[in-house]
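One structure is given here, and the rest of the page talks about it.
2 protein chains.
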Amino acid sequence: MKPIGTIHSPFKYGDAMPVQSIEGRDIEGYIKLLPEYVDGLKDLDGFSHIILLFHIHLNKKVKMQTRPFMDNIYRGIFATRSPSRPNHIGMSVVRLNRVEGNRIYIKDLDIVDGTPLLDIKPYLKVIDEGDKVKLGWFEKHNKREMGWHD
Amino acid sequence: MKPIGTIHSPFKYGDAMPVQSIEGRDIEGYIKLLPEYVDGLKDLDGFSHIILLFHIHLNKKVKMQTRPFMDNIYRGIFATRSPSRPNHIGMSVVRLNRVEGNRIYIKDLDIVDGTPLLDIKPYLKVIDEGDKVKLGWFEKHNKREMGWHD
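In structure tokens form, the structure reads like this:
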């Protein structure tokens, strides 16, 4: 695994961060892709939303359970988006504004400035229309992802 | 990065593989999680869909552009789900059947048997209801992900 670029955002390390892109709504930033990968961006601009996989580089902790804010129950790490996961891979769906050379302008960011980018994938609707989606413990929180006590 | 478990599916290496979970509809398999991560599964069973991040371990190639089947135009790798990406991280949304100890039974698989698992995340609806989602070159293909010529 090696970074393919860097994510730039208004959130500096230590700032209060929005958690998940619903809270980062309209926050703008950009990706600076390493020049050797620019050819891979062809046709990306037709997509309204893209998935970013990135290295959660500021978090070295690994926990099996965590307490989300506004929730006092410990949840299994795999039932949350907490950063303290065994492999520190983060995932965000962001809106794509435009691509200019090796810069990809994006919106709805919840990612800290300087985060190493690992992959970009087009957002495709993969859930069958008829499927009922259940959100587990998260359902009562009004689709709003939260931070973590510990 | 190290595997947290292994994905088991009916697709052996070299078989015709479904591409993306829409084509893998109803295909069943399971994850065998390493025992040290079982505590992280608490509350996962409330979710109907989970996101798997895995190592695309059978593909060592990296390409910047690729031609999807049924499409003769080269597309940028980041505008596709092709496995030949700079970091070989695959992503699938699958339906969760049940959790039994360190086994997670799943449905809608498009993943080859023996694939090393890197992460499990709960599937949350992150796109705002009002957002219009544009699928770029992929739109005309009826939401069906495809394989790759090369």
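Residue numbers (my numbering), protein chains in the order written: chain F, 717 to 866; chain D, 717 to 866.
For glycine and all other residues, C-beta sits at the position ideal for the given N, C-alpha and C.
The model shown is predicted, which means the values in this text are computed figures rather than measured ones.
- Residues of chain F with a Cβ closer than 8 Å to the Cβ of valine 849 of chain D are, in chain order, Ser764, His765, Tyr839, Lys841.
- For arginine 783 of chain D, there is no enclosing beta strand (DSSP E), since its DSSP letter is neither H nor E.
- Under the three-state reduction of DSSP output, glycine 806 of chain F falls in the strand class.
- Contact between leucine 833 of chain D and glycine 721 of chain D holds: their C-beta atoms lie close to 4 Å from each other, under 8 Å.
- Counting along the chain, no beta strand (DSSP E) covers leucine 851 of chain D, and no H or E run does either.
- The secondary-structure analysis by DSSP pairs arginine 814 of chain F across a beta bridge with F:Tyr821.
- Two segments are said to touch when three or more pairs of C-beta atoms, one from each, lie closer than 8 Å; by this definition the segment 775 to 790 of chain F does not touch the segment 789 to 809 of chain D.
- DSSP places lysine 748 of chain D inside the beta strand (DSSP E), whose first and last residues are 744 to 749.
- Counting only Cβ-Cβ distances below 7 Å, arginine 783 of chain D has no contacts in chain F at all, with the closest Cβ about 12 Å away.
- For the pair of segments examined, the segment 747 to 767 of chain D was found not to touch the segment 744 to 762 of chain F: the number of CB pairs separated by less than 8 Å stays below three.
- When secondary structure is reduced to three states using DSSP, isoleucine 723 of chain F falls in the strand class.
- By the neighbour-count criterion, in which 16 or more other beta carbons inside 10 Å mark a residue as buried, tyrosine 729 of chain D falls on the exposed side.
- By the Cβ test, the segment 803 to 817 of chain D is in contact with the segment 757 to 772 of chain D, since at least three Cβ pairs between them sit closer than 8 Å.
- Under the Cβ criterion of 7 Å, glycine 806 of chain D is not counted among the residues facing chain F.
- If you check the CB distance, valine 810 of chain D and aspartate 829 of chain D do not come in under 7 Å.
- Excluding five sequence positions before and after threonine 831 of chain D, the CB atoms of its chain that fall closer than 6 Å to its own CB belong to Ile723, Phe770, given in chain order.
- When secondary structure is reduced to three states using DSSP, aspartate 755 of chain F falls in the helix class.
- Closest option to serine 725 of chain F, judged by alpha-carbon separation, among F:Leu851, F:Tyr821, F:Ile793, F:Leu760: F:Tyr821.
- Contact annotation: isoleucine 793 of chain F and methionine 780 of chain F have beta-carbon atoms nearer than 7 Å.
- Closer than 7 Å to the CB of lysine 777 of chain F there is not a single CB belonging to chain D.
- If you look at lysine 728 of chain D, you'll find it isn't in any beta strand (DSSP E); DSSP assigns it neither H nor E.
- Within chain D, the residues placing a beta-carbon under 7 Å from that of leucine 760 of chain F are Gly792, Phe794, Ala795, ordered along the chain.
- With distances taken between CA atoms, leucine 840 of chain F lies nearest to D:Ala795 out of D:Lys718, D:Asp755, D:Ala795.
- Boundaries of the beta strand (DSSP E) harbouring lysine 837 of chain D: 831 to 838, taken from the DSSP string.
- Taking a beta-carbon distance threshold of 7 Å, leucine 834 of chain F counts as an interface residue toward chain D.
- Per DSSP, histidine 765 of chain F is one residue of the beta strand (DSSP E) stretching across 765 to 771.
- Rounded to whole angstroms, lysine 758 of chain F and arginine 791 of chain D show a C-alpha spacing of 6 Å.
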